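Numbering (the working numbering), first residue to last: 361 to 878. Quick reminder that beta carbons are idealized off the backbone N, C-alpha and C, glycines included. Predicted model, so just to flag it, every value in this text is computed and none were measured.
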Amino acid sequence: MAAGPTGRCAPRGPTVIEDPDRRNAKGRQRHRGGPRKFSQSAPSKRARRGDPARLTAFRVLRAVALDDAYANLVLPTEIRRAKLDKRDAAFATELTYGTLRAQGTYDAILRQNVDRDLEKLDPAVLNALRLGTHQLLAMRVDDHAAVNETVALVRDQIGAGPSGLVNAVLRKVGARTLPEWVQQLGADLGELEALALRHAHPPWIVRALRQSLKLHGYPEQLVRLLEADNAAPDVHLVGLPTSDQHSGADALDAAVASGAVRSELIDGAAVYSGGDIGRLSGVRESVLRVQDIGSQWVARALAEPAVSPGEKWLDLCAGPGGKAALLASLAAEHGGHLTANEPAPHRAELVRKALAAVSTDSWSVRTGDGRSIGDLEESYDRIIVDAPCTGLGALRRRPESRWRRQPSDLAQLTVLQAELLDAAVEALTADGLLAYVTCSPHPAETLVQVEDALSRHPELELLDAYKPMEDLALPAGRELLRKRPTAPGITAARCVQLWPHIHGTDAMFFALFRKEAP
Ligand SMILES: C[S@@+](CC[C@H](N)C(=O)[O-])C[C@H]1O[C@@H](n2cnc3c(N)ncnc32)[C@H](O)[C@@H]1O
361 MAAGPTGRCA PRGPTVIEDP DRRNAKGRQR HRGGPRKFSQ SAPSKRARRG
411 DPARLTAFRV LRAVALDDAY ANLVLPTEIR RAKLDKRDAA FATELTYGTL
461 RAQGTYDAIL RQNVDRDLEK LDPAVLNALR LGTHQLLAMR VDDHAAVNET
511 VALVRDQIGA GPSGLVNAVL RKVGARTLPE WVQQLGADLG ELEALALRHA
561 HPPWIVRALR QSLKLHGYPE QLVRLLEADN AAPDVHLVGL PTSDQHSGAD
611 ALDAAVASGA VRSELIDGAA VYSGGDIGRL SGVRESVLRV QDIGSQWVAR
661 ALAEPAVSPG EKWLDLCAGP GGKAALLASL AAEHGGHLTA NEPAPHRAEL
711 VRKALAAVST DSWSVRTGDG RSIGDLEESY DRIIVDAPCT GLGALRRRPE
761 SRWRRQPSDL AQLTVLQAEL LDAAVEALTA DGLLAYVTCS PHPAETLVQV
811 EDALSRHPEL ELLDAYKPME DLALPAGREL LRKRPTAPGI TAARCVQLWP
861 HIHGTDAMFF ALFRKEAP
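This is the structure in structure tokens:
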């Protein structure tokens, strides 16, 4: 994907994978003994082994479905395990991510073509059908290759039994294009449900995104947002401002010399599409890190309003440590100290690793429930509550998450978010600053939380969160923040909501409070 210097990503269609060396124009892997001849009518006579790239995608889908695994974590392991070369790895990646993203739409199509409930199918067979459907409808893979290779995969991995069913269903799926299927299935749906089907989002998420866009002044941009959710995100880099051993700024300069493009939104950030970031200098030392520019922007915004030397800061929900690393590094510049709190021990360990480059005088990690932070009898000058949330702002990064998340998750999460905010208010010094951040634009997790917190805590004043974001932004970043809801007194006019299709970042929400002196 073209990476603009602003970090914005242009929406794109399904990835086209073409490999003249290893895959022919039909998406089949070439065989040394010349092209294979597949029987047109007898699946039992066809290839018995699936090709390694498709097998890799199949294995990831299985781990996601059966073990609740995250595709972005499992896929690299499976690619290494299968020893895929670069091109096959790209094919497996597009196949995996594309299939997972569009799963709901593909299931709607499959329901039309399978003579029983999908829930009654062997999950492995259903996954194979989804993989075949993605190849048929969204990748430039020839129909025969898509069907034959999927049938071969099924024979190899599941057995000969279901291969006939898979063959028959995929032939029916391939009889129409994706727009034709969407048009046919959408004809009986309401406008929102049809949009959800077309852009492969669950309707409840489309409803929430539509509401949030409206509240933040972008009522007409729903389709652009849904398209951006379906595009692969750019990799963003941060150079930590302060470090014990190495300079993050130097590492960022070196990354730029290696093809990264400096962000036009904020300093200290870059966009990289050069592949393996492990090769960049400073990554091993943790001074150059992968971090969404939206996350960098909100973390820096908390550290923007006049910092006094020796301040005490708290990151209440720190794992895996992205914002904590940046905040600790900024605190170190002012002789301050960051406490990074995280209840999950393995995530607390990740926080320690993330902070490794920053002077140990400047941070400590606490492993505990953020709701009990008041037990420490410490108070903090600045606190960030980067709350556990539905993650609807990062759908681009976690292809399976939109189908895994349920509206019922909100009930539990919003209670936890409110309790964490209460604990943070208690632990905040008089005149201290509190940032409330989510990687979700859902109104129940964002504006409603802010309004509820204000009504529970009259001592809180809602500051204009745009101000520190603008103060630290470069001209292009400032320009993108220019538009905001203007009606006086509305909460949304003081809270920043970033968007993938506008800012090229995750949809981070940022509210900033001050606790008034009693
Ligand atoms: C959105 S993530 C934070 C991301 C992190 N700030 C970063 O930038 O890398 C939310 C974190 O909150 C943690 N969490 C969950 N329940 C919590 C609780 N009761 N108290 C504090 N943190 C909690 C989760 O384990 C998760 O690591």
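Check, Outcome
"Integer Cβ distance of G628 from G670, believed to fall under 8 Å", "Actually they are not in contact, since the Cβ atoms of G628 and G670 sit about 23 Å apart, beyond 8 Å."
"Buried or exposed (CB count within 10 angstroms, at least 16 for buried), G880", "Given a span of 361 to 878 for the chain in the structure shown, any question on residue 880 remains unanswerable."
"Exposure of P705, with buried meaning 16 or more beta-carbon neighbours within 10 Å", "exposed"
"V650, buried or exposed, once every other Cβ within 10 Å from all chains shown has been counted against 16", "exposed"
"Separation of V434 from A535, as counted between CA atoms", "33 Å"
"Proximity test, G730 beta-carbon vs ligand 1 heavy atom, cut-off 6 Å", "yes"
"The segment 468 to 481 in contact with the segment 521 to 532 per 3-pair CB rule at 8 Å", "yes"
"CB contact flag (D448, A413, <7 Å)", "yes"
"Any non-hydrogen atom of ligand 1 closer than 6 Å to C855 Cβ", "no"
"Beta-carbon proximity check, V566 vs L573, cutoff 7 Å", "no"
"Local Cβ density within 10 Å of D548, reported as buried at 16 or more and exposed below that", "exposed"
"Buried versus exposed call for T846 [16 or more other C-beta atoms within 10 Å across all chains shown]", "exposed"
"C-alpha distance - Q581 paired with D866, whole-angstrom precision", "16 Å"
"Outcome for G387 when other beta-carbon atoms lying within 10 angstroms are tallied against a minimum of 16", "With a pLDDT of 43 at G387, under the threshold of 50, the predicted position of this residue should be treated as unreliable, and no value is reported."
"Contact under 7 Å by Cβ, H694 with G642", "no"
"Unbroken alpha helix (DSSP H) run spanning L496, endpoints", "P483 to A498"
"Beta-carbon proximity of H861 to R441, cut-off 7 Å", "no"
"A704 Cβ short of 6 Å to ligand 1 heavy atom set", "yes"
"Residue burial classification, T720 (beta-carbon count within 10 angstroms, cutoff 16)", "exposed"
"Proximity test, D548 beta-carbon vs ligand 1 heavy atom, cut-off 6 Å", "no"
"P801 Cβ short of 6 Å to ligand 1 heavy atom set", "no"
"Residues sharing a beta bridge with E821, DSSP", "R874"
"T453 classed as buried or exposed, judged by whether at least 16 other C-beta atoms fall within 10 angstroms", "buried"
"L770 and A747 closer than 7 Å at C-beta", "no"
"Presumed contact (8 Å Cβ cut-off) between W763 and G577, rounded CB distance", "With a Cβ gap of about 29 Å, W763 and G577 do not count as contacting."
"A417 vs V424 beta-carbon contact at 7 Å", "no"
"The alpha helix (DSSP H) enclosing S724, as first and last residue numbers", "Note, S724: premise wrong, no alpha helix (DSSP H); beta strand (DSSP E) at W723 to R726."
"Own chain partners of E811 with C-beta closer than 7 Å, once the 5 adjacent residues on each side are dropped", "T851"
"Rounded distance between the beta-carbons of I626 and L832, thought under 8 Å", "6 Å"
"DSSP beta-bridge partners of D594", "Beta-bridge pairing links D594 to no other residue."
"Reduced DSSP category for R842 - H, G, I as helix; E, B as strand; rest coil", "coil"
"Closer than 6 Å: P759 CB and nearest ligand 1 heavy atom", "no"
"H863: first and last residue of the uninterrupted alpha helix (DSSP H) it sits in", "P860 to H863"
"Given 8 Å, three or more beta-carbon pairs between the segment 657 to 672 and the segment 817 to 832", "yes"
"Where I744 sits in the DSSP three-state scheme", "strand"
"Residue span of the alpha helix (DSSP H) that contains H706, given as start and end", "P705 to A714"
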